[in-house]
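Reviewing the structure listed below.
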Amino acid sequence: MLASHTETLALREQFETPAQQKEASSLGMWIFLVTEVMFFSGMFLAYTVYRAAFSQVFSVASNTLNVVIGAVNTSVLICSSFTMVLAVHAAQIGSRKLLILFLILTMLLGGVFLGVKAYEWNQKFEEHHVPGPTFHLDGTTQQGQAQLFFSLYFAMTGVHALHMVVGVGILLTLLIQAFAGRYTAEYNTPIDIAGLYWHFVDIVWIFLFPLLYLIGRHHH
Amino acid sequence: MITEAVQERETYLNASYGLKSWLLTKDHKRIGLLYLGTITFFFFLGGIFATLIRLELLTPKGDLVSADIYNKLFTLHGVIMIFFFLIPSIPATLGNFFLPMMIGAKDLAFPRINLLSWYLLVIGGCFGIYAMLAGGVDTGWTFYVPYSSTYSNTYVVATGLGIFIAGFSSILTGLNFIVTVHRMRAPGMTWFRMPLFVWANYATALIQVLGTPVLAITLVLLICERSLHIGIFDPARGGDPILFQHLFWFYSHPAVYIMVLPGLGVVSELVSTFSKKPIFGYKFVAFSSVAIAVLGFLVWGHHMFVSGQSVYAGLAFSFLSYFVAIPSAIKVFNWTATLHKGSISYATPMLYAFGFIGLFTIGGLTGLFLACLGVDIHVHDTYFVVAHFHYIMVGGALMAYLGGLHYWWPKMTGRMYPEGFAKLSALTIYLGFNLTFFPQFILGYLGMPRRYWTYPDEFQVLHVMSTAGASVLAVGYVMPLIYFIWSLRYGEIAGPNPWGATGLEWKTASPPPAHNFDETPVVTTEAYDYAALEAANVG
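Chains as they are written, first to last, in my numbering: chain R, 1 to 220; chain P, 1 to 539.
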């Protein structure tokens, strides 16, 4: 029996060449992102249906969200995507120091986003904008439909925030591994595909921000 | 001396020993066997619920169980059979074991994710079993709101979580298969040289990857609605229960093809091997799998003809549903054409293939009745529907699964099953199946609604036939359980290629070595090239 090659990080035993492994990993992540698109699409569909049906109430409800905070968070995420790209680049040129620096920066920005989000959610509780028996929204008589907006708001931003938490966890793992010197110019696929995931989560927010925060603006 | 050589040879089964070597294995073949054990358990668990349902329906009065218990019985039967048996059945066991071997790969692209997906199924199953033991769930496997979100007092959240987790198992299996087929094919194994079983599993994987996440988010919203009181499907707040049905069926109709497409792939292998001929119209059969996957996403509204969706949507969905018949018919006609002038042998797997072709055709044709708007309004939610989908799921998917299991058993274990006993069980299952489900077409046409635990006296004869058939069926299912286990020790030693089949999986030893092939195979011929096999054997 022929012995198979000794397994390394860049060449697991089921693969013939490192290039084949890298292509497989990256295709796998793209397919995973397709499943993520389908996952979020259920909520985007619900949003579309209800916004079309109850556009007036949705505008009123949207106006209560704090655009400045939303915009700040949007730019924080865009910056984090930038630092993520720099981390991927640092990994490709084999600079361990820069990789560690940019991973930390990306995590920090992710943390800022989550902190701001927590502050926003907390405000909703204080303003009685959480769906349930204590819900109340000024400026409309249709309290039920207003709750639909906030149900979608919490579901969409909640699922998004959960993806952010997972993303920060992934970055933390990569950071620990980077400290240990696991990633080199020859082998950095996990950084690359974690970057793809991070950008995806960023892009979801780019859609959520206008759909949730900006639809009511033209009523002023 | 030969026996000694067989015992000493290193195989995936004796490469390492101990519980840990199985629970932490990355070998797709071992993971396939882990799945086999798991889904066999769920199959018999779901079967217990089916037995209780049929016993209750033996008499017109509700005398065995109460209405509440009956609701839980059919819900648990559906949930377990669909999410924990049929969805993983062929892909996760036979696909896991043979897809890499059939394309000449050492393993799937992501062995650790493969193991993770088995654990997810087990964890999801534990949630399901917890819900069952804690008091059950009574919404039907469809979880329609607002009953599931607001009114039901049963364990909807635990069951929903179980299905959510098992869904990720299915997604990861699909993802693994797609990447493996794209990136791991052996030299010379072009797309159009792949066995049709691989094509079918590839098409299935596309559905798993595109459809399952939609079910996942639907269940998340349902669980949030139930436990956190958000109101996305709540009519009291303007929410739309029909939206839930759209989201649910967007996955759950394609899920029918997750269950049956791999079976279509198995039957292609069986028909070719046991008539010693290449599949007639190979490319049509390959593309018909992809066509079924694509069309499957365009017809979900035919489950909602009487739910209050718009008439125009109903018309469009009705029209589109007929199209599914085209690729399905292509397969049936091409198998028949393959049989023509073939050198047919009637081994057990082929009996299952014949059973499949007949029952799948009946199931498919009655599907056309249901796709027709006017007819559907008459038979909607009756036993006609129950009979129809059991012809596809049990007559189709399960027959193919059993056929495939008999076909590949010698490869998986290195030993033959007892042929006479196996033929008897195939025949028993076929007769038992028809006796169980054919009367249900008539019951439904006469107006017996599904999900009722009592019925008017005049339906009793048909129900008694159905219950009698179910007992025969149960005997038929227990037989393979016994003789497969028996064969592990006492079965005749199988050579590498007991059927004279052409696939790469038959070119390595039985059971295969840990890395499938002693050296990476190089493919030089088309699939099902019996002339080349003959020449190689003579040479």
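From the three backbone atoms N, C-alpha and C, an ideal C-beta is built for every residue, glycine too.
Just so we're clear, the structure is a prediction, and the values are computed from it rather than from any experiment.
If you draw a straight line from the Cα of Leu-86 of chain P to the Cα of Arg-450 of chain P, it is about 21 angstroms long. In this structure, the straight-line span from the alpha carbon of Val-68 of chain R to that of Leu-398 of chain P is close to 58 angstroms. In the DSSP assignment, Ser-26 of chain R falls within the unbroken alpha helix (DSSP H) covering 18-53. Using a Cβ-Cβ cut-off of 8 angstroms, Gln-177 of chain R does not count as an interface residue toward chain P, since no Cβ of chain P sits closer than that to its own. In its chain, beyond the 5 residues on either side, His-388, Tyr-391, Ile-392, Gly-395, Gly-396 have a beta carbon closer than 7 angstroms to the beta carbon of Gly-363 of chain P. Not flagged as an interface residue toward chain P: Gln-56 of chain R, since no C-beta distance is shorter than 8 angstroms. Around the beta-carbon of Leu-315 of chain P, fewer than 16 other beta-carbon atoms lie within 10 Å, marking it exposed.
Here Pro-449 of chain P is bridged, per DSSP, to P:Thr-382.
In the three-state reduction of the DSSP assignment, Arg-217 of chain R falls in the helix class, which pools H, G and I. If you check each beta-carbon in the segment 23-35 of chain R against every beta-carbon of chain P, the ones closer than 7 angstroms belong to Glu-23, Ala-24, Leu-27, Gly-28, Ile-31, Phe-32, Val-34, Thr-35. Using a CB distance cut-off of 8 angstroms, Leu-221 of chain P counts as an interface residue toward chain R. The contact set of Ile-230 of chain P on chain R, defined by CB atoms closer than 7 angstroms, consists of Pro-131, Ser-151, Phe-154, Ala-155 in chain order.
Interface with chain P (8 angstroms Cβ-Cβ cutoff): Gln-123 of chain R is excluded. Taken through DSSP and simplified to helix, strand or coil, Arg-112 of chain P comes out as helix.
Leu-13 of chain P sits close to Pro-511 of chain P, with the two beta carbons spaced by under 8 angstroms. The beta carbon of Pro-513 of chain P lies closer than 7 angstroms to those of Glu-10, Thr-11, Tyr-12 in the same chain, with the five residues before and after it left out.
Per DSSP, reduced to three states, the secondary structure at Ile-344 of chain P is coil, with no helix or strand assignment. Nearest CB-CB separation between Leu-137 of chain R and chain P: not below the 8 angstroms threshold.
Leaving aside the five residues that flank Ala-400 of chain P on each side, the residues in its chain whose CB is nearer than 6 angstroms to its CB run, in chain order, Gly-263, Val-266, Val-267, Phe-356. Using a CB distance cut-off of 8 angstroms, Lys-20 of chain P does not count as an interface residue toward chain R. Under the Cβ criterion (8 angstroms, minimum of three pairs), the segment 13-30 of chain R does not count as touching the segment 111-128 of chain R.
If you draw a straight line from the Cα of Phe-179 of chain R to the Cα of Val-165 of chain R, it is about 21 angstroms long.
Between the alpha carbons of Gly-296 of chain P and Leu-210 of chain P lies a gap of roughly 11 angstroms. For Phe-127 of chain P, the CB contacts under 6 angstroms within the same chain, skipping 5 residues up- and downstream, are Ala-158, Leu-161, Gly-162 in chain order. Nearest to Tyr-282 of chain P by C-alpha distance, out of P:Ser-149, P:Ala-527, P:Leu-172, P:His-303, is P:Ala-527. Within its own chain, the residues whose Cβ lies closer than 7 angstroms to the Cβ of Arg-415 of chain P, once the five positions on either side in sequence are excluded, are Ser-487, Leu-488, Gly-491, Glu-492, Ile-493, Ala-494, listed in chain order.
Non-local beta-carbon contacts of Asp-138 of chain P in its own chain, meaning distances under 8 angstroms to residues more than five positions away in sequence, involve Asp-68, Asn-71, Lys-72, Thr-75, Ser-152, Thr-154 in chain order. Cβ-Cβ distances below 8 angstroms link Ser-252 of chain P to Thr-142, Leu-215, Trp-300, His-303 in the same chain, with the five nearest sequence neighbours on each side left out; the list follows chain order.
By the neighbour-count criterion, in which a residue is buried when 16 or more other Cβ atoms sit within 10 angstroms of its Cβ, Leu-481 of chain P is exposed. For the pair Lys-276 of chain P and Ser-343 of chain P, the CB atoms are nearer than the 8 angstroms cut-off. Taking 4 residues as the shortest admissible run, the segment 414-498 of chain P contains the following complete alpha helix (DSSP H) segments, listed from N- to C-terminal end: 419-446, 460-490. Going by C-alpha positions, Lys-97 of chain R is about 22 angstroms away from His-199 of chain R.
Along the segment 192-223 of chain P, going in chain order, the ones with a CB nearer than 8 angstroms to a CB of chain R are Val-209, Leu-210, Gly-211, Thr-212, Pro-213, Val-214, Ala-216, Ile-217, Thr-218, Val-220, Leu-221. If you check the CB distance, Pro-496 of chain P and Met-465 of chain P do not come in under 8 angstroms.
Spanning the alpha carbons of Ala-325 of chain P and Leu-368 of chain P requires a straight line of approximately 8 angstroms. Closer than 8 angstroms to the CB of Leu-148 of chain R there is at least one CB belonging to chain P.
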